[in-house]
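Data first, discussion second: the structure below is written as structure tokens.
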DNA sequence: TAAAAAATACCGACCGTTGGGTATGTAAAT
DNA sequence: ATTTACATACCCAACGGTCGGTATTTTTTA
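Protein chains in written order, with our numbering: chain W, 588 to 788; chain V, 588 to 788.
Structure follows, in structure tokens:
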């Protein structure tokens with residue numbers, strides 16, 4: 588009856604590693620960077636400690652790998668979006684919404700904040716993640732540029748606007764922790780949108 | 588020779604509590620929120636565990652008290668500054684610099700970030716600190732208003748600008764963790780300053 | 001091609017350390 | 001004499017990490 592699903596070693600490895608990555612990321616979201624322990628990850632992943640030690644040399648190796656995993660997925664998401672969009676009828680607010688909805692709320696926001704703040708007190712993490720975080724920002728910047736060049740906006744001005752926009756979003760992401768008011772932040776983004784419209788016109 | 592400095596109980600209590608507060612804040616800066624342990628605090632403070640348990644019922648009580656301590660000092664700093672300034676010849680950039688230099692770099696930035704992010708995964712901390720954090724923001728807002736009203740700017744527009752400014756600063760504070768480029772952020776603040784000047788004129 | 005050997009994937013008990021918190025006793029002020 | 005302030009030794013749970021052993025897949029070989 589029950590089909591024995593034989594898997595080769597590569598599949599087995601990949602599957603348990605993905606399980607460990609997702610469990611680690613869930614734990615980062617639920618308990619924070621320092622609150623994340625191996626036992627909690629093992630429990631979430633439904634995987635034994637032996638499996639972990641077989642694939643990773645230490646806890647921090649797993650956390651770094653899981654972080655790279657989610658950041659690279661974010662970069663892909665952005666790149667796919669850039670490729671799929673039809674620049675001609677794209678609205679400025681759509682870009683803002685894409686960035687906000689994908690990276691500055693929910694799971695991605697939570698994990699992104701945890702990792703960034705953890706970098707301050709964890710030199711190893713910082714060394715490993717800084718390049719990927721930079722890469723992530725570049726991919727967003729690229730998405731923005733594909734818009735502004737299509738519209739023929741001033742390059743330097745629009746780049747500053749992009750950077751300031753991201754910083755505003757980051758700031759709102761932090762504030763939304765202690766002040767979780769969805770509508771308020773939507774209004775704030777609208778106000779920012781109005782200002783940018785004026786500046787670009 | 589050596590004068591025995593007799594102290595009353597109130598003085599003794601106050602002194603060790605301040606010692607514990609400062610050590611806790613130093614530890615928050617050095618090791619982060621979750622990386623802060625009682626043993627590290629005791630070591631930094633040069634105080635025994637018995638002294639801690641005499642004054643505080645738990646670790647989190649000490650951390651909350653120390654957080655209230657630094658946030659209240661920040662509120663005072665702002666209020667003192669508002670009282671001392673001569674609105675008539677105050678420059679817009681001075682306000683930005685005051686806010687940035689006092690709260691979004693160095694020790695205050697580090698501790699402020701740690702506490703805000705910790706609030707997400709620590710319900711008790713969040714409940715205790717949210718009102719004080721809100722109070723802190725109000726005190727900054729008040730400083731801003733005392734400027735804009737003196738200059739006769741539009742109330743609603745200038746309030747939005749203030750909020751966006753703070754959010755930008757917050758975002759820059761996070762980014763400066765993984766990208767510690769002092770000059771870059773100064774330029775960015777200058778760009779923002781230019782934009783605000785246009786908007787307020 | 002089937003059995004044997006080797007390599008890979010995984011399990012769970014164990015170890016030393018550090019965590020927050022407590023309990024008992026001493027020093028100092030009132 | 002009594003309350004307040006502080007010190008130290010101790011407790012147990014959780015931590016990251018290790019280790020000897022088992023299950024599964026892959027390679028070798030007869």
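Just so it is clear, CB atoms sit at the ideal spot from N, CA and C, and this is done for glycine as well. Only a predicted model underlies this, so the values are computations on that prediction, with no experimental measurement involved.
| Asked | Found |
| --- | --- |
| Whole alpha helix (DSSP H) elements within the region 613-649 of chain V, 4-residue minimum | 625-632, 636-642 |
| Within chain W, the residues that residue 779 of chain V reaches when beta carbons sit closer than 7 Å | 751 |
| CB contact check: residue 591 of chain W to chain V, cutoff 9 Å | Reliability fails at residue 591 of chain W, whose pLDDT of 45 lies under 50, so the model's placement of it is uncertain and the value that follows must be treated cautiously. No, residue 591 of chain W lies away from the interface with chain V (no Cβ there is under 9 Å from its Cβ). |
| Residues of the region 702-726 of chain V with Cβ closer than 9 Å to any Cβ of chain W, in chain order | 703, 704, 705, 706, 707, 708, 709, 713, 716, 717, 720, 721, 724 |
| Residues within the region 601-635 of chain W neighbouring chain V, beta-carbon criterion of under 8 Å | 617, 618, 619, 620, 621, 622 |
| Validate contact between the region 725-739 of chain V and the region 728-735 of chain W using beta carbons, cut 8 Å, 3 pairs | no |
| Partner residues on chain W for residue 756 of chain V, Cβ-Cβ distance less than 9 Å | 754, 758 |
| Integer Cβ distance of residue 740 of chain W from residue 787 of chain W, believed to fall under 8 Å | 6 Å |
| Below-9 Å beta-carbon distance, residue 667 of chain V vs any chain W residue | no |
| Enclosing alpha helix (DSSP H) for residue 688 of chain W [first to last residue] | 679-690 |
| Opening and closing residue of the alpha helix (DSSP H) in which residue 739 of chain V lies | Residue 739 of chain V -> no alpha helix (DSSP H), and no H or E assigned at all. |
| Contact check, residue 704 of chain W vs residue 619 of chain V, beta carbons under 9 Å | yes |
| Minimum Cβ-Cβ distance from residue 679 of chain W to chain V less than 9 Å | no |
| Residue nearest to residue 698 of chain W in terms of C-alpha spacing, selected from W:714, W:650, W:665 | W:650 |
| As assigned by DSSP and simplified to three states, the class of residue 711 of chain W | helix |
| Delimiting residues of the alpha helix (DSSP H) encompassing residue 672 of chain W | It is not in any alpha helix (DSSP H) - residue 672 of chain W carries neither H nor E in the DSSP assignment. |
| Residue 714 of chain W, buried or exposed, once every other Cβ within 10 Å from all chains shown has been counted against 16 | exposed |
| First through last residue of the alpha helix (DSSP H) which encompasses residue 784 of chain W | 769-787 |
| Per-residue burial, residue 670 of chain V [other beta carbons within 10 Å of its own, 16 or more giving buried] | exposed |
| DSSP state of residue 660 of chain V mapped onto helix, strand, coil | helix |
| Contact between the region 626-633 of chain V and the region 672-692 of chain V (3+ Cβ pairs under 8 Å) | no |
| Close beta carbons around residue 784 of chain V, own chain, < 8 Å, minus the five adjacent residues each side | 679 |
| Residue-level contact to chain V via CB, residue 697 of chain W, 9 Å cutoff | yes |
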